[in-house]
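Residue numbers (this note's numbering), protein chains in the order written: chain A, 1 to 271; chain B, 1001 to 1293; chain C, 2001 to 2360. For reference, the structure discussed in these notes is given below.
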Amino acid sequence: MQKLGLNVIVYSLTTIALFYVCFPFAWLMMTSVKPSSLIFRPDVLIFTPRMDSWIAVLFNSGVPGYALNSIIVGVVTVIISIGVGCPAAYSFSRFKTGGNKLRLVILSAEMIPPAILIVPLFLLAYKFRILDSIWALIAAHTTFIVPIITWFLIGFFEEVPKELEEQAMVDGLTRLKAFLWVVFPNIRPGLAAAAVFGFILSWNDTFYALMLTGGHSKTLPVAIAGYWTFRGVEISKMAVAMLLSVIPALTAMVFVQKHFIRGLGSQGIKG
Amino acid sequence: MITAELPSERSLLRYWLLVPLAVVLLIVLAYPFGYSFFISFHNYELTSLDDIRFVGLSNYTELLHDDSYWNSISNTLIFVVGAVSIETFLGLGLALLIQKLGVFRNFILAVLLTPMFITPIAVGLMFRFLLNSQMGVIPLYLSALGIEVDWFSSELALLSIILIDVWQWTPFMLLLILAGLESLPNAPFEAAKVDGATAWFTFINVTLPLLRPVMVVAIIIRGVDASKVFEYVYAITRGGPGDRTEMILFHVYKEGFRFFRMGNAAAMSFILVTILLCAVFSIIYFLKFKRDY
Amino acid sequence: MAKIVLEDISKFFGNNQVLKNINLEISDSSITVLVGPSGCGKTTTLRIISGLESASSGKIFIGERNVSRMDPKDRNVAMVFQNYALYPHLNVRDNINFGLRAKKVKIDEINRKVANVVDFLGIKELLSRYPSQLSGGQQQRVAIGRAIVRNPDVFLFDEPLSNLDAKLRIEMRTELLRLHKHLKKTAVYVTHDQEDAMSMGDTIIVMQKGEIIQMGTPQQIYQNPSNMFVAGFVGSPSMNLVKGTITNNLFTADYNTFSIHVNGDYGDVYLGIRPENIILKHAVQRQIVTESFKAEVEMSQMLGSKLIVNLRIKGLIIKALFDEQYFDEISIGNQVEVVFDRSKLHYFEEKNNNRINISL
Chain A
1 MQKLGLNVIV YSLTTIALFY VCFPFAWLMM TSVKPSSLIF RPDVLIFTPR MDSWIAVLFN
61 SGVPGYALNS IIVGVVTVII SIGVGCPAAY SFSRFKTGGN KLRLVILSAE MIPPAILIVP
121 LFLLAYKFRI LDSIWALIAA HTTFIVPIIT WFLIGFFEEV PKELEEQAMV DGLTRLKAFL
181 WVVFPNIRPG LAAAAVFGFI LSWNDTFYAL MLTGGHSKTL PVAIAGYWTF RGVEISKMAV
241 AMLLSVIPAL TAMVFVQKHF IRGLGSQGIK G
Chain B
1001 MITAELPSER SLLRYWLLVP LAVVLLIVLA YPFGYSFFIS FHNYELTSLD DIRFVGLSNY
1061 TELLHDDSYW NSISNTLIFV VGAVSIETFL GLGLALLIQK LGVFRNFILA VLLTPMFITP
1121 IAVGLMFRFL LNSQMGVIPL YLSALGIEVD WFSSELALLS IILIDVWQWT PFMLLLILAG
1181 LESLPNAPFE AAKVDGATAW FTFINVTLPL LRPVMVVAII IRGVDASKVF EYVYAITRGG
1241 PGDRTEMILF HVYKEGFRFF RMGNAAAMSF ILVTILLCAV FSIIYFLKFK RDY
Chain C
2001 MAKIVLEDIS KFFGNNQVLK NINLEISDSS ITVLVGPSGC GKTTTLRIIS GLESASSGKI
2061 FIGERNVSRM DPKDRNVAMV FQNYALYPHL NVRDNINFGL RAKKVKIDEI NRKVANVVDF
2121 LGIKELLSRY PSQLSGGQQQ RVAIGRAIVR NPDVFLFDEP LSNLDAKLRI EMRTELLRLH
2181 KHLKKTAVYV THDQEDAMSM GDTIIVMQKG EIIQMGTPQQ IYQNPSNMFV AGFVGSPSMN
2241 LVKGTITNNL FTADYNTFSI HVNGDYGDVY LGIRPENIIL KHAVQRQIVT ESFKAEVEMS
2301 QMLGSKLIVN LRIKGLIIKA LFDEQYFDEI SIGNQVEVVF DRSKLHYFEE KNNNRINISL
């Protein structure tokens, strides 16, 4: 009998939480298909959906192009992060370079408020004429994504016992081969999770994107903000853009969740 | 145990492996950081680039008397404390709840985590319209219940921003705390059961203490992140009404990109960093004094 | 102080039945040891007694109370876990008094009880230390202290000696026995080590694959194993088991390696003889022995004052235990003549491994 009561409480609280989370999404979806005459009538819930906004945004605007910019920036940043982070993380994990202190310093790099860097980055981008280009943004994004990915990679490397590579090296492989054939396959899922996380961080950034891009190099978040024009807000189209921006994050999350929890858990305790 | 390089490897391989990381961070982090520091001592205005003068500490001293600056610091502080405490509380509650779920656990967890993956500016704009007094859905339903609330009035605007942050970032705390809970050893809990402790006693005396390291890390990470709040302010209130919701990053943005006073902007951000560092270090230091097992 | 009764206890994990209709009675103030190979269900049984697991069916009684549906905290049992399960964030004092604090006992009483316990266990100086600062043996004492201080009806120990090295193990055995003499409570131990079991228990319960194979005193288990599994499990070095047949009053080992006269006609059987009951023919004193056999010494190992010898009789190898005084004649390659002590022969049916009672 006790069990039943507990279950009822647990599930009703959970339902409330779910409702709380889903409500705004439901609103978004509804708004994206509401005819413009009804936008300002929140009390009207039943109507025939109109795909005008979707068509306008998907086919008649720069949004897909901006989304592409976001993708490019994200992918390039993540690639740089992994390329730079892997050897570093290997060094931290296997050789314990710098001890715990250096690792904390790396993590603290992520904590630097964008405020500090935006001014010089802006000025430097201006000087090197890469303002309003994705390169400036990539540079800005690496400042916080490289440290995070390195941090995750350290955790993943630690999960692979170094005896495995040592065995491989005794068996005749070079360290590099041992890494590629023994360590790397074991961290692949975690690496994928970290890459996705890094991509999402880049995808979502608004502050740097606003300052460093503007014209055709705009990224999606900036485009979304752009729907708030001096003419008022085109809510329906904005809703479409928002939903578009949510899709990669959601899909990624479905795959990434499990590894995330593991990686964060082990780091959290050690941290 | 510290591994050593193999006989055939350069004896400093461990440092060579760090070179790419160091190069990247030097270019994008260290150099701009230094440059920013440099600028903060100058009168650097984008509108008069040929008139850059060294002004020593005057940017900093000006700030110490600048009311609007300190207002934005205090707003940010209120925001961080408010948001993080609510998120920690809710996150802990939800994590405990999730642990008790049976069948649909993974699905429910996935759904509950979605808010943190949406780009913050979208979240800001979304709530802007949801909470808008004229056309927002929420005030509509609330007034049907007899409650009239203007979410972005002087009194409530800061709270509303806090609540938006809570909507988006509680899942983050949930995630970290859940990860911590799952990695706790089973043995002490079984011992507590046999020792006769009630669920509540066990929670207070075993679960929470064992969870402390994870919670501290989570609070620090979330706290530092929260202090960077910008998107909600930009999307909804632009600092208003008045300067009730002007947070520090927005203030820097205004200073640097609306008024183009880069030197001041740089100085502001350095003071912010100093405050942050002090806060983080004092939290860590303070907690090191409690038993570290 | 209470006796424990398990009635028709079965336990399923999914489709896997780990306990099959367990019925046992543990008498008050006795030390009972559940012993068996891993997977036999002994730890599950212990956990069911404690309440950490619930049985799929059946009833449990502690004293006069039916505790089948009760949570561990209401059963008034104490458990010492294999890895001690100390609270890592609490010092020794708070670890020990945890249960008392949970029941909101008054502070003075708590302090008094803790003081008694730590004096008794000799861990008074450790009170303000934390588990991570203690050695394995010390941690175990703290775990025991935590159990004692609550004055439970029953003590449950899960593999208490398994984490200790050989020397410490023997010390701890004596300690635990002394503890029992003092406390006089019902105690149940679980171990996979038959030596621990035999040296500590008043009653031994041998389990295999979720069933109780035999229950009895150590002597009974050792001298009259009811089943081949028990016979082979208990005793070190273990009993020799030789396959053969008994027809027309004669046991013939397979491949005709040797024969012994025995009454009866039982078909396919296993003969069991413990190494210490194989005697050099010339060393026989007053035992009633079988016919003698010639055997070749294949290998010998010294174990303290005894020799473990591998003897080959035609194609069969059996182990014998001889006193070291015979060291000279037991060199590799030598031929010796041995006999078996008749009163220590065991026969088991081949089809169900159960003991056959054959009169001498």
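C-beta atoms are modelled at their ideal positions from N, C-alpha and C, and glycine is treated no differently.
> Can you name the start and end residues of the beta strand (DSSP E) that residue 2259(C) belongs to?
Replying inline: The residue given as residue 2259(C) occupies position 259 in the third sequence. 2259–2261 is the extent of the beta strand (DSSP E) around residue 2259(C).
>> For a contact defined as C-beta to C-beta under 9 Å, what are the partners of residue 2255(C) on chain B?
In response: Looking up residue 2255(C) in the third sequence gives position 255. The contacting residues do not exist; residue 2255(C) stays about 52 Å from chain B at best.
>> Under DSSP, the beta strand (DSSP E) around residue 2010(C) begins and ends at which residues?
In response: Taking the third sequence and counting its residues from 1, one reaches residue 2010(C) at position 10. Segment 2004–2013, the beta strand (DSSP E) holding residue 2010(C).
> Any idea which residues DSSP pairs residue 1042(B) with across the strands?
Replying inline: If you number the second sequence from 1, residue 1042(B) lands on position 42. Answer is 1054(B), bridged to residue 1042(B).
> Enumerated in chain order, which unbroken segments of the beta strand (DSSP E) with a length of 3 residues or greater are wholly contained in the region 2297–2331 of chain C?
Replying inline: As far as the region 2297–2331 of chain C is concerned, its whole beta strand (DSSP E) runs of at least 3 residues are 2306–2313 and 2316–2323.
> What residues match up with residue 1105(B) in a beta bridge as DSSP calls it?
Replying inline: The residue labelled residue 1105(B) in the question sits at position 105 within the second sequence. None, per the DSSP bridge assignment.
> For residue 2247(C), is the classification buried or exposed, using 16 other Cβ atoms within 10 angstroms of its Cβ as the cut-off for buried?
Replying inline: Taking the first residue of the third sequence as position 1, residue 2247(C) is located at position 247. Residue 2247(C) is exposed by the Cβ-count criterion.
> In terms of residues, what are the limits of the beta strand (DSSP E) holding residue 90(A)?
Replying inline: Locating residue 90(A) in the first sequence gives position 90, counting from the first residue. Looking at the DSSP string, residue 90(A) is not in any beta strand (DSSP E); the run it does join, the alpha helix (DSSP H), is 63–94.
>> Against chain B, with Cβ distances strictly below 9 Å, would residue 94(A) count as a contact?
In response: The count along the first sequence starts at 1 and reaches residue 94(A) at position 94. Residue-level contact check: residue 94(A) touches chain B, since one or more beta carbons of chain B fall below 9 Å from its beta carbon.
>> With the cut-off set at 9 Å, would you say residue 1171(B) and residue 1091(B) are in Cβ contact?
In response: Along the second sequence, read from residue 1 onward, the residue named residue 1171(B) stands at position 171. Along the second sequence, read from residue 1 onward, the residue named residue 1091(B) stands at position 91. A contact, by the Cβ cut-off of 9 Å.
> Under 9 Å between the Cβ atoms of residue 238(A) and residue 227(A)?
Replying inline: Position 238 of the first sequence, counted from the start, is the residue given in the question as residue 238(A). Position 227 of the first sequence, counted from the start, is the residue given in the question as residue 227(A). Less than 9 Å divides the Cβ of residue 238(A) from the Cβ of residue 227(A).
> Taking three-plus beta-carbon pairs below 8 Å as touching, is the region 2291–2300 of chain C in contact with the region 2331–2347 of chain C?
Replying inline: yes
>> Using a 10 Å radius around the Cβ and a threshold of 16 neighbouring Cβ atoms, would you call residue 1022(B) buried or exposed?
In response: The count along the second sequence starts at 1 and reaches residue 1022(B) at position 22. So residue 1022(B) ends up on the exposed side.
>> I'd like to confirm the pairing. Which residues does DSSP put opposite residue 2242(C) in its beta bridges?
In response: Along the third sequence, read from residue 1 onward, the residue named residue 2242(C) stands at position 242. 2271(C), per the DSSP bridge assignment.
> Using a C-beta cutoff of 9 Å, does residue 352(A) count as contacting chain B?
Replying inline: The first residue shown for chain A is 1 and the last is 271, placing residue 352(A) beyond what the model contains.
> Less than 9 Å separating the beta-carbons of residue 1122(B) and residue 242(A)?
Replying inline: Within the second sequence, numbered from 1, the residue matching residue 1122(B) stands at position 122. Within the first sequence, numbered from 1, the residue matching residue 242(A) stands at position 242. Going by C-beta atoms, residue 1122(B) is nearer than 9 Å to residue 242(A).
>> Going by C-alpha to C-alpha distance, which of 2232(C), 2346(C) and 2067(C) sits closest to residue 2036(C)?
In response: What you label residue 2036(C) is simply residue 36 of the third sequence in a count that begins at 1. Residue 2036(C) has its Cα closest to that of 2232(C), out of 2232(C), 2346(C) and 2067(C).
>> Taking a contact to mean a Cβ-Cβ separation below 9 Å, would you say residue 272(A) touches residue 196(A) in this structure?
In response: Since the displayed chain A opens at 1 and closes at 271, residue 272(A) lies outside it and no answer follows.
> Between the beta-carbon of residue 1244(B) and the beta-carbon of residue 1154(B), is there less than 9 Å?
Replying inline: What you label residue 1244(B) is simply residue 244 of the second sequence in a count that begins at 1. What you label residue 1154(B) is simply residue 154 of the second sequence in a count that begins at 1. Contact flag set, yes.
> Where residue 1059(B) and residue 50(A) are concerned, what is the direct C-alpha to C-alpha distance, given to the nearest angstrom?
Replying inline: By 1-based counting over the second sequence, the position of residue 1059(B) is 59. By 1-based counting over the first sequence, the position of residue 50(A) is 50. Rounded to whole angstroms, the gap between the alpha carbons of residue 1059(B) and residue 50(A) is 55 Å.
> List, in order along the chain, the chain B residues whose C-beta lies closer than 9 Å to that of residue 29(A)?
Replying inline: Numbered from 1 along the first sequence, position 29 holds the residue referred to as residue 29(A). Result: empty, since nearest Cβ-Cβ is about 11 Å, beyond 9 Å.
> When you compare only the Cα positions, how much space is there between residue 1216(B) and residue 108(A)?
Replying inline: Within the second sequence, numbered from 1, the residue matching residue 1216(B) stands at position 216. Within the first sequence, numbered from 1, the residue matching residue 108(A) stands at position 108. Roughly 15 Å between the two C-alpha positions.
> Considering only residues of the same chain and omitting the five flanking positions on each side of residue 1042(B), which have a CB-CB separation below 7 Å?
Replying inline: Taking the second sequence and counting its residues from 1, the one referred to as residue 1042(B) is at position 42. Hits under 7 Å: 1052, 1053, 1054, 1055 and 1263.
>> Distance check for residue 189(A) and residue 2054(C), CA to CA, integer angstroms please.
In response: In the third sequence, counting from the first residue as 1, residue 2054(C) sits at position 54. In the first sequence, counting from the first residue as 1, residue 189(A) sits at position 189. Each residue's alpha carbon lies about 37 Å from the other.
> In three-state terms, what does DSSP make of residue 1379(B)?
Replying inline: Since the first and last residues shown for chain B are 1001 and 1293, residue 1379(B) lies out of range.
> How about residue 1248(B) and residue 1210(B): are their beta carbons less than 9 Å apart?
Replying inline: The sequence position of residue 1248(B) within the second sequence is 248, counting from 1. The sequence position of residue 1210(B) within the second sequence is 210, counting from 1. No; because the gap between Cβ atoms is not below 9 Å, this pair is not in contact.
>> Just to make sure I have the definition right: I need the residues of chain B whose C-beta is within less than 7 Å of the C-beta of residue 2072(C). Which are they?
In response: Position 72 of the third sequence, counted from the start, is the residue given in the question as residue 2072(C). The answer, in chain order, is 1193 and 1194.
>> Taking the alpha-carbon of residue 248(A) as reference, which of 48(A), 201(A) and 81(A) has the nearest alpha-carbon?
In response: Taking the first sequence and counting its residues from 1, one reaches residue 248(A) at position 248. Nearest option by C-alpha distance: 201(A).
>> As an exercise, report each continuous alpha helix (DSSP H) stretch of at least 4 residues that is fully enclosed by the region 104–172 of chain A, in chain order.
In response: 114–127, 134–159 and 162–170
> Since residue 1187(B) contacts residue 2083(C) with CB under 8 Å, what's their CB separation in whole angstroms?
Replying inline: Counted from its first residue, the second sequence places residue 1187(B) at position 187. Counted from its first residue, the third sequence places residue 2083(C) at position 83. Contact holds; Cβ gap of about 6 Å.
>> Please state whether the Cβ-Cβ distance between residue 2079(C) and residue 2100(C) is less than 9 Å.
In response: Sequence index remark: in the third sequence, residue 2079(C) carries index 79 (1-based). Sequence index remark: in the third sequence, residue 2100(C) carries index 100 (1-based). No, these two residues do not count as a Cβ contact at 9 Å.
> Hey, is residue 1293(B)'s beta-carbon within less than 9 Å of any beta-carbon in chain C?
Replying inline: Locating residue 1293(B) in the second sequence gives position 293, counting from the first residue. Note that residue 1293(B) scores 45 on pLDDT, short of 50, meaning its location in the model is unreliable; the coordinates nonetheless yield the value given after this. Between residue 1293(B) and chain C, the shortest Cβ-Cβ separation is below 9 Å.
> Taking the alpha carbon of residue 149(A) as the point to measure from, which residue in 170(A), 63(A), 127(A) and 198(A) has its own alpha carbon closest?
Replying inline: In the first sequence, counting from the first residue as 1, residue 149(A) sits at position 149. Closest in alpha carbon position to residue 149(A), among 170(A), 63(A), 127(A) and 198(A), is 198(A).
> Three-state secondary structure (DSSP) at residue 2335(C)?
Replying inline: For the purposes of this step, residue 2335(C) is taken as the residue at position 335 of the third sequence. Strand at residue 2335(C).
> Checking contacts by CB at 9 Å: is residue 1330(B) closer than that to chain A?
Replying inline: For residue 1330(B) there is no data in the structure shown, the boundaries of chain B being 1001 and 1293.
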